[in-house]
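Engineer: One structure coming up, written as structure tokens, with questions to follow.
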Amino acid sequence: MKLSQTDNKLAQLLQAELNRQEHGLEMIPSENFVSPAVLEALGSIGTNKYSEGYPGRRYYGGCQFVDQIENLAIARAKKIFNVDHANVQPYSGSPANLAVYFALLDVGDTVLGANLSFGGHMTHGLKVNFSGTLYKAVNYTADKNGYLDFDEIRNLAKEHGPKMIIAGYTAYPRIIDWQKFREIADEVGAFFMADIAHIAGLIIGGQHPSPTRIADVTTTTTHKTLRGPRGAMILSNGTVSNPAKKVERIKENIPTLIDRAIIPGLQGGPHNHTTAAIAVALHEASKPEFKDYAKQIVLNAKALAESLMNEGIKLVTDGTDNHLMVADLSSLGVSGKEAETALDEVGITVNKNTVPFDKRKPFDPSGIRLGTPALTSRGFKENDLKIVGQLIAKLLKNINDASIKEGIKKTVKELTDKHPLYPDLKYN
Ligand code: DSN
1070 MKLSQTDNKL AQLLQAELNR QEHGLEMIPS ENFVSPAVLE ALGSIGTNKY SEGYPGRRYY
1130 GGCQFVDQIE NLAIARAKKI FNVDHANVQP YSGSPANLAV YFALLDVGDT VLGANLSFGG
1190 HMTHGLKVNF SGTLYKAVNY TADKNGYLDF DEIRNLAKEH GPKMIIAGYT AYPRIIDWQK
1250 FREIADEVGA FFMADIAHIA GLIIGGQHPS PTRIADVTTT TTHKTLRGPR GAMILSNGTV
1310 SNPAKKVERI KENIPTLIDR AIIPGLQGGP HNHTTAAIAV ALHEASKPEF KDYAKQIVLN
1370 AKALAESLMN EGIKLVTDGT DNHLMVADLS SLGVSGKEAE TALDEVGITV NKNTVPFDKR
1430 KPFDPSGIRL GTPALTSRGF KENDLKIVGQ LIAKLLKNIN DASIKEGIKK TVKELTDKHP
1490 LYPDLKYN
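The opening position of the sequence shown corresponds to residue 1070 in our numbering, with each subsequent residue numbered one higher.
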């Protein structure tokens, strides 16, 4: 029986969310729209099966097909990211990062990661996160223009002697020099972890250099630029040892340490429907069209950045090399929270964000974060993003003007009508 017949209340809520996605401009840079094929695998009977363990060594019977599904996802991940080992079981990005800590560190060890307000992530050492409470977290910031400051990173590494250094960001609009992190990690004898959650799709698409043979371990979510289901992977190099063998915490053993950290360390049964959908997303990402997609994300981001800057909006680092940008609204007298709310009202979804050295608080910071992966998935091109930039600037400069808001809503409708999202999907 269809969902609308068994639970019409829920079907209506899903339809309302579908309408919101269909008729709005989704510009949160960590969000994307999966293909109907990914959606089909994600909604599949994989969810019915328990399979604790790894392919070929499970704690449950009846795993002959989920073994093949997981092996397919692993093989595709290894090929596309050029690594020896891929664990595709982490439930999402934060548990994936937790698994790396659990695998490589002892509680109380020192880690060096970016400050959240400068584009890091909670799991990179935020004081109220496990990473900042169970571990001694030291945070690096940025230079006055918002770029990574490798002198500061090196000085902090030398001063605090971290066991692990983390690179990878949620709000950094520029290319990351992985090799510089490698050098600093080697200087102080630290593990180097790269978190490519935001840029995995750009890496596969050749738009950003890959850290997977430079870092000791690389984590990624699968639902951002990679355009898969909500999930994560941990990528590393080396071989997996016999499960009965005790292994030392050295680089060569990272695949074994990671597998053991996920299960039995932290998780139970893998989400086989998600694994299936990850396999589909990796298959899609291996096609030549995905390279065009990744390139278009960046072209669109550059077009949006230029449009905003032409309208006098200040961007952190004055532009972007990737899929996102952070606009500093201080000079407009509008807070990030006000901007997020006003943009929501006209159907443009962004999120408030701190800017480097923000004088305001994270719940009402000075900026907003904008990105182009989702709009690019529905076919937006540079000229569309130029128009979107003009709309955003117009709204931010006239935040209380109802007639301007009505005009913007009309243009948003024209743009979304021009690029339909899921024409065949219907929940009620
Ligand atoms: N919540 C994600 C983001 O929006 O960047 C990071 O995990």
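Where a beta carbon is used, it is the ideal one built from N, C-alpha and C, also for glycine.
1. With residue 1290 as the anchor, note down where its beta strand (DSSP E) starts and where it stops.
2. Report whether the distance from the Cβ of residue 1162 to the nearest heavy atom of ligand 1 is below 7 Å.
3. Between which two residues does the beta strand (DSSP E) carrying residue 1437 extend?
4. Could you give the C-beta distance for residue 1161 and residue 1269, rounded to a whole number, given that I count them as a contact under 8 Å?
5. Just grab the DSSP bridge partners of residue 1095 for me.
6. Determine the extent of the beta strand (DSSP E) in which residue 1311 is found, giving its start and end residues.
7. For a test of the three-state rule: what should DSSP assign to residue 1384, helix, strand or coil?
8. Classify residue 1338 as helix, strand or coil using the three-state DSSP reduction.
9. Are there any heavy atoms of ligand 1 lying less than 7 Å away from the beta-carbon of residue 1561, as far as the coordinates show?
10. Let me check you understand the geometry: is the CB of residue 1480 closer than 7 Å to at least one non-hydrogen atom of ligand 1?
11. Which runs of the beta strand (DSSP E) fall wholly inside the segment 1166-1250 and span at least 3 residues, in chain order?
12. Do the segment 1175-1193 and the segment 1343-1352 meet, that is, are 3 or more Cβ pairs less than 8 Å apart?
13. Counting only the same chain and skipping the five closest in sequence on each side, list residues whose C-beta sits under 8 Å from that of residue 1484.
14. On the criterion of 16 or more Cβ atoms from any shown chain inside 10 Å, does residue 1319 qualify as buried, or is it exposed?
15. Quick one: measure Cβ to Cβ for residue 1425 and residue 1182, integer angstroms, because I've assumed they're closer than 8 Å.
16. Since residue 1152 contacts residue 1271 with CB under 8 Å, what's their CB separation in whole angstroms?
17. With a threshold of 7 Å (Cβ to nearest heavy atom), would residue 1193 be considered close to ligand 1?
18. Could you compute how far the alpha carbon of residue 1438 sits from the alpha carbon of residue 1394?
19. What did DSSP end up calling residue 1304 once you bin it into helix, strand or coil?
20. Are the CB atoms of residue 1313 and residue 1259 within a distance shorter than 8 Å?
21. Since residue 1477 contacts residue 1415 with CB under 8 Å, what's their CB separation in whole angstroms?
22. Would you check if the distance between the CB atom of residue 1172 and the CB atom of residue 1283 is smaller than 8 Å?
23. Counting pairs of Cβ atoms below 8 Å between the segment 1246-1263 and the segment 1221-1238, do you hit three or more?
24. If you draw a straight line from the C-alpha of residue 1274 to the C-alpha of residue 1083, how long is it?
Structural biologist: Taking the definition as stated:
1. If you look at residue 1290, you'll find it in the beta strand (DSSP E) that goes 1286-1290.
2. Because some heavy atom of ligand 1 lies under 7 Å away, the Cβ of residue 1162 counts as near it: yes.
3. Element bounds for residue 1437: 1436-1440.
4. For residue 1161 against residue 1269, the beta-carbon gap comes to about 14 Å, at or over 8 Å, which does not count as contact.
5. In the DSSP assignment, the residues bridged to residue 1095 are 1418.
6. Neither: residue 1311 is in no beta strand (DSSP E) and is coded neither H nor E.
7. Residue 1384 falls in the strand class under three-state DSSP.
8. In this structure, residue 1338 counts as coil in the three-state DSSP scheme.
9. Past the boundaries of the shown model lies residue 1561; the chain is included only from 1070 to 1497, so the question cannot be answered.
10. No, Cβ of residue 1480 sits at least 7 Å from all heavy atoms of ligand 1.
11. Listed in chain order, the complete beta strand (DSSP E) runs (minimum 3 residues) inside the segment 1166-1250 are 1179-1183, 1205-1209 and 1233-1236.
12. The segment 1175-1193 and the segment 1343-1352 do not touch, with fewer than 3 CB-CB distances between them shorter than 8 Å.
13. Here the set comprises 1094, 1449, 1453, 1456 and 1457.
14. Residue 1319 comes out exposed.
15. About 16 Å separates the two Cβ atoms, so there is no contact after all.
16. With a contact defined as Cβ atoms closer than 8 Å, residue 1152 and residue 1271 miss out at about 17 Å.
17. Answer for residue 1193: no, Cβ out of range of ligand 1.
18. A direct Cα-to-Cα measurement between residue 1438 and residue 1394 gives close to 6 Å.
19. Residue state, collapsed to three classes: strand.
20. No, these two residues do not count as a Cβ contact at 8 Å.
21. Contact check for residue 1477 and residue 1415: beta-carbon distance about 5 Å, within the 8 Å limit, so the pair qualifies.
22. With contacts defined by Cβ atoms closer than 8 Å, residue 1172 and residue 1283 do not form a contacting pair.
23. Touching, yes.
24. Rounded to whole angstroms, residue 1274 to residue 1083 spans 32 Å at the Cα level.
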